[in-house]
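Colleague:
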Amino acid sequence: MSSITDQQRKLEALLFAATESLDLRTLLAYLSLEDDDHRGKIEEDLQVLQRHYEKRGVHLVNVAGKWAFRTAIDLSDLLERHKVVPRKLSRAALETLAIIAYHQPTTRAEIEEIRGVTTSKGTLDVLLETSWVRPRGRRMTPGRPVTYGTSEGFLEHFGFDSITELPGLSELKGAGLLDNNLPIGFNVPLPHDDMALQQDELPLEECDE
Amino acid sequence: MSSITDQQRKLEALLFAATESLDLRTLLAYLSLEDDDHRGKIEEDLQVLQRHYEKRGVHLVNVAGKWAFRTAIDLSDLLERHKVVPRKLSRAALETLAIIAYHQPTTRAEIEEIRGVTTSKGTLDVLLETSWVRPRGRRMTPGRPVTYGTSEGFLEHFGFDSITELPGLSELKGAGLLDNNLPIGFNVPLPHDDMALQQDELPLEECDE
Amino acid sequence: MDLMADKDKYQNDDDWEGQEQCLPKNASDSSFIVDIEGFEGPLDLMLALARTHKIDLTNISILFLAEQYLTFVDKARVLRLDIAADYLVMAAWLTYLKSRLLLPDDRDGEEELSGDELAARLAFRLKRLEAMRGAGQVLLEGKQLHNDFFPRGQPEGITVLRKSLYEADIYDLLTAYAAGRLRKVVSVVHPGHERRKVWSIKQARKQLEKIIGFDCDWAPIDSLLAGFLADPVESRTALAAAFGASLEMAHEGVIELRQDSPFNPLYLRRKGENE
């Protein structure tokens, strides 16, 4: 039996008990440890735990910069009965979600330009309701349209560590398909879901007067 | 790292994801194993797992024949995070506190008479919660109203050696806190917070029959 | 030109049969129904057509695609009049594109995009939509929480116990006390228990008439009122009322007043017949 340190036990207990995934800062706070001095040590412990669990039925995963225990993916069949049948997204909603994920931050007009059709309010509402999509801010263009992006919930749900792990991202990027203009310019933007607003984004409230 | 069998992995995942404790029969059903042939094997596996977890932050426990993962009992403190939230007293509370400090021992009716408004129960509760105010006893008047006074905590918090250090009329005036056109009869009483009850006070319990 | 070659190629295997769910089942069938509502906009329709006719979007086979689109919309228009405007706008644009692609480009130096550039732009838009559609599908097929991996079923949860720490300093306390007391004092009027004695002018006149003798000698007002001035509370009101009354009486010509200079004693006397 592998030995375990006191700190590792505590981390294990916290991550097991938590109802949501926990980031390093929260873990440090729960352990009443002042930030940066212990950061490295805790990270090390988390990796020890991760290695310990990697062959087991439960894994310690790091998603969206947060840690959580999850059942091993290869055992998904076994857990059939726990499956939450998600309300199936309509094709329009799925397409819109993909556009938001890959092109974020993006506005409704941009989504419509890519889909070649007007987006019904319902489609965006459904996505906001899944909480995978969030309004980010407002684009600094006439009309100050709201910009949309994905949330941490999106990363957690699809099991990505960061938005750059989106499948096929580099291929799409290489083909210039993530650029909103003709692939003449080579500056293809990468999607990013940073909390911080982009240069051309304003805070949401700004226009609410 | 201790090796783990496939069956053990499955048990781990099942018990982890389960929303309730699982008995042996249920576990066997989930694993699609016909009853009694595998019973012994599964029991053995559960014990292997139990041993594996006994030193860790999470335990595999068997309660009334049902199995479940639980965070280690000795770490239960960890799951209660204490958070201190600094709060400001409302004006009403501050005023009531001041009146209690100067006019103690005083009753709720007296506080209301001085403030000219009824005191909400919440205000006194908040003050009792600060532990700067304490119920002292009961006034020997009809209704036996509770008398309030300040505690040692009050002296400590506000940095007084004794309650007589509370500034009097001339100091308050000197500090510009009192209008100079004081009406006749405006005086600042001499408070006292002796532990001993006053002549007109009864012990708190007296009336509790 | 590559385009024409493509066109020929595709015309050869022009089969509409059983290709796409929303496309007409059989072009020659009289019960042919064009379900244009099954499409999410012109781009979607074009992608479906491209799939049906195996048009490779990476090649410039846009001209052929445009023709398919126009044919489709025309057929739809024959059968149904309520085709959404954006399909018609796209049709008009594709007709324009067709003419630009077929006619030799003699617009050198103009700012307008050439037919090939317009076609490339359309091809790009189609590819981009197709890519996003594929991406959505990949997301859907990927591992998802609660479907492929699961969180703990019975998390104990970490409870946060909030404890309030109240803050106040001595200044707050004193300010509150002073403000509270003063507010109360100002807001409450204490009616005195003893009613203050106030002389009315009428009352004072009555007294004066009694006191002022008929001897018509000048007498200082103080001495006349001496009996009432002993009480400090009463003296003020008596003096004030008497003064008022004396002015009234002087005005009526009942008495005369005399004061030698300011602040000197005020003398009164009855106006006698001896004048």
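Chains as they are written, first to last, in the numbering used here: chain A, 1 to 209; chain B, 1001 to 1209; chain C, 2001 to 2275.
Glycine is no exception: its CB is placed at the ideal position from the N, C-alpha and C atoms.
Everything numeric in this text was worked out from a predicted model, so none of it was measured.
#1: Taking A:L24 and A:R9 to be in contact with their CB atoms under 8 Å, please state how far apart those CB atoms are, rounded to whole angstroms.
#2: So, are the CB atoms of C:A2135 and C:L2057 less than 8 Å apart?
#3: For B:I1100, collect the residues of the same chain with a Cβ closer than 8 Å to its Cβ; drop the 5 residues on either side in sequence, then sort them by chain order.
#4: Quick one: what's got a C-beta closer than 6 Å to A:A92's C-beta in the same chain, skipping five residues either side?
#5: Hey, out of A:L78, A:G153 and A:S120, whose CA is closest to B:L1031's CA?
#6: Going along chain A, which residues have a C-beta under 8 Å from B:L1079?
#7: Along the region 2154-2178 of chain C, where does the CB come closer than 8 Å to a CB of chain A? Name the residues.
#8: Between which two residues does the beta strand (DSSP E) containing A:V133 stretch?
#9: For the region 155-176 of chain A, which residues have a beta carbon sitting closer than 9 Å to at least one beta carbon of chain B?
#10: Taking just the CA atoms, how far does C:L2173 sit from B:L1178?
#11: Do you know offhand how far B:E1080's Cα is from B:H1052's?
#12: Exposed or buried, A:P191, counting other C-beta atoms within 10 Å across all chains shown (16 or more means buried)?
#13: Are the beta-carbon atoms belonging to C:L2070 and C:T2095 less than 8 Å from one another?
#14: So, is B:K1088 buried or exposed, given that buried needs 16 or more other C-beta atoms within 10 angstroms?
#15: Taking the runs of the beta strand (DSSP E) that are 3 residues or longer, which of them lie wholly in the region 1018-1076 of chain B?
#16: How is the alpha helix (DSSP H) around A:L117 delimited, first residue to last?
#17: At the 8 Å Cβ level, is A:V63 part of the contact set with chain B, yes or no?
#18: Just grab the DSSP bridge partners of A:T5 for me.
#19: Between B:G1057 and chain A, is there a C-beta pair that is closer than 8 Å?
#20: Identify which residue in B:P1142, B:A1017 and B:D1161 has its Cα closest to the Cα of A:V58.
#21: Under 7 Å Cβ-Cβ, which residues of chain D neighbour A:E95?
#22: Less than 8 Å between the CB atoms is what I'm expecting for A:T19 and C:G2157, so what's the real figure, rounded?
#23: With 16 other CB atoms within 10 Å as the buried threshold, where does A:S3 fall?
#24: Quick one: does C:D2056 have its CB under 8 Å from some CB of chain A?
#25: Going by alpha carbons, who is nearest to C:I2255 out of C:I2212, C:Y2087 and C:Q2137?
#26: Around the C-beta of B:T1164, are 16 or more other C-beta atoms found within 10 angstroms, so that it is buried, or is it exposed?
#27: Compare the C-alpha of C:V2238 against each of C:P2262, C:L2140, C:Q2207 and C:N2264 and name the closest.
#28: I'd like to know if B:Y1030 contacts chain A, where contact means its C-beta is closer than 8 Å to some C-beta of that chain.
#29: Within 10 angstroms of the Cβ of C:S2061, are there 16 or more other Cβ atoms? Answer buried if so, exposed if not.
#30: Tell me where the alpha helix (DSSP H) around C:I2221 begins and ends.
#31: Helix or strand or just coil, what does DSSP make of C:R2133?
#32: Residue range of the beta strand (DSSP E) that A:K88 falls in?
#33: Which of helix, strand or coil does DSSP assign to C:E2040?
#34: Taking all protein chains shown into account, decide if C:D1999 is buried (16 or more other Cβ within 10 angstroms of its Cβ) or exposed.
#35: Could you please give the first and the last residue of the uninterrupted beta strand (DSSP E) stretch that includes B:L1155?
#36: Just the chain C side, please: which residues come within less than 9 Å of B:Y1102 by C-beta, in chain order?
Modeller: Looking at the atomic coordinates:
#1: Rounded, the Cβ-Cβ distance is 18 Å, inconsistent with contact.
#2: no
#3: T1106, I1111, L1127, V1133, Y1148, G1149 and T1150
#4: T123
#5: A:L78
#6: A13, L14 and A17
#7: P2155, E2156, G2157 and I2158
#8: V133 to R139
#9: none
#10: 13 Å
#11: 26 Å
#12: buried
#13: yes
#14: exposed
#15: 1058-1063 and 1066-1071
#16: It is Val, not Leu, that sits at residue 117 of chain A in the sequence shown. Segment: none, A:V117 is in no alpha helix (DSSP H) and carries neither H nor E.
#17: no
#18: Beta-bridge pairing links A:T5 to no other residue.
#19: yes
#20: B:A1017
#21: Considering every chain present, this structure includes no chain D. Its protein chains are A, B and C.
#22: 5 Å
#23: exposed
#24: no
#25: C:I2212
#26: exposed
#27: The amino acid at residue 2238 of chain C is misidentified as Val; the sequence shows Ala. Answer by Cα proximity: C:Q2207.
#28: yes
#29: buried
#30: I2221 to L2224
#31: helix
#32: First-last for A:K88: undefined, no H or E at that position.
#33: coil
#34: The requested residue 1999 of chain C is not part of the displayed model; chain C covers only 2001 to 2275.
#35: No beta strand (DSSP E) contains B:L1155, which is instead part of the alpha helix (DSSP H) from E1152 to F1158.
#36: Y2177 and R2181
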